[in-house]
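Contents: one structure, followed by commentary.
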Amino acid sequence: MDVTTNHEGHHSPRRRRVTPETMAEAGIELTLPKVSVKSVAESLGVSIVAIYNNIDDLCSLKALVAEEILRRWSAPLPGDDESMHDALLTLAAALRELVHSNPGIAEYLIGLTPSSIDAIRMADTVQTRYRVRYDLTPKQATWAVITVCEHALALAEMVYNSARRDREYDEVIAARTDLDTLPGAYDNVDRGPDGMFLWSMRTVVVGTLTLIEAPDFEQV
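In the numbering used here, each residue's number is its place in the sequence shown (first place is 1) plus 119.
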């Protein structure tokens, strides 16, 4: 953060011009969970009133930050020779990285509204590429991409993250004699969060591809 020294010798943030760009940049540096009108004002070295002069409320400020995060992110699109199965797994892995690099973005993506202009445009671009590349109907493309994305966001945010500790207890669970099935399911392979995430997402992808090819899918 830029700082200046006032006449009493104390350091204070250098005042920066308040624009959508500077507010978004400040919010990204703070991360979405820490974005507030006060925190952005302090980061820019301006008053709270200066921030409110440029936004409607806190929700619009957070949306401004989230939309800028998404503008800087490039969603992977299916390659010309890539199977839909592999393309969806690549998309899921990219979303997980996005979530872990930008705390709070998963919550924003799950709750998109019509005001999420750029995010919805990005989603449409991705779905259109799938529709054209794999000769899908609009419904097939939308359901396939959204289903995989929603599961990827949820797993990345809540399950397969740096806080996951279940492998620490594998040996203890495997050694229990009062259990009939769980001990036989454990092995000594440490697939790590990345491997387990992709394994779970494979289940989602395979199920999704089967569903959209069902004869009655368009009537569901």
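Ideal Cβ placement from N, Cα and C applies to all residues, glycine included.
Distance between residue j and residue i (C-alpha atoms, nearest Å)
i, j, result
"tyrosine 249", "alanine 333", "18 angstroms"
"threonine 300", "alanine 273", "27 angstroms"
"tyrosine 227", "methionine 142", "17 angstroms"
"valine 323", "isoleucine 292", "27 angstroms"
"leucine 231", "valine 156", "21 angstroms"
"threonine 247", "valine 159", "36 angstroms"
"alanine 225", "glutamate 276", "7 angstroms"
"leucine 214", "leucine 163", "30 angstroms"
"valine 122", "glutamate 148", "Bear in mind that the predicted position of valine 122 carries a pLDDT of just 49, short of 50, making it unreliable; the figure below should be weighed with that in mind. Each residue's alpha carbon lies about 16 angstroms from the other."
"histidine 270", "isoleucine 167", "38 angstroms"
"isoleucine 331", "alanine 260", "9 angstroms"
"tryptophan 192", "arginine 240", "13 angstroms"
Start and end residues, alpha helix (DSSP H) containing residue i
i, result
"glycine 326", "311-331"
"tryptophan 192", "Here tryptophan 192 belongs to no alpha helix (DSSP H), and DSSP marks it neither H nor E."
"aspartate 241", "Here residue 241 is methionine; the residue named in the question, aspartate, does not match the sequence. 236-252 is the extent of the alpha helix (DSSP H) around methionine 241."
"serine 162", "156-163"
"valine 267", "257-273"
"threonine 141", "139-149"
"threonine 209", "203-220"
"valine 291", "289-293"
"tyrosine 305", "Counting along the chain, tyrosine 305 falls outside any alpha helix (DSSP H), and DSSP gives it neither H nor E."
"valine 278", "Element bounds for valine 278: n/a, residue is neither H nor E."
Residue j beta carbon less than 8 angstroms from that of residue i
i, j, result
"asparagine 221", "isoleucine 188", "yes"
"alanine 182", "serine 234", "yes"
"aspartate 289", "tyrosine 279", "no"
"methionine 203", "proline 197", "yes"
"valine 267", "leucine 207", "yes"
"alanine 242", "leucine 317", "no"
CB-CB length for residue i against residue j, believed under 8 angstroms
i, j, result
"valine 137", "asparagine 173", "6 angstroms"
"glutamate 337", "threonine 209", "Not quite, the Cβ-Cβ distance comes to about 27 angstroms (not below 8 angstroms), so this is no contact."
"threonine 359", "alanine 263", "Outside the shown range of the chain (120 to 339) lies residue 359, about which nothing can therefore be said."
Residue i beta carbon near the ligand GDP (any heavy atom closer than 7 angstroms)
i, result
"glutamine 246", "As far as ligands go, the structure on display features none, and thus does not contain the ligand GDP."
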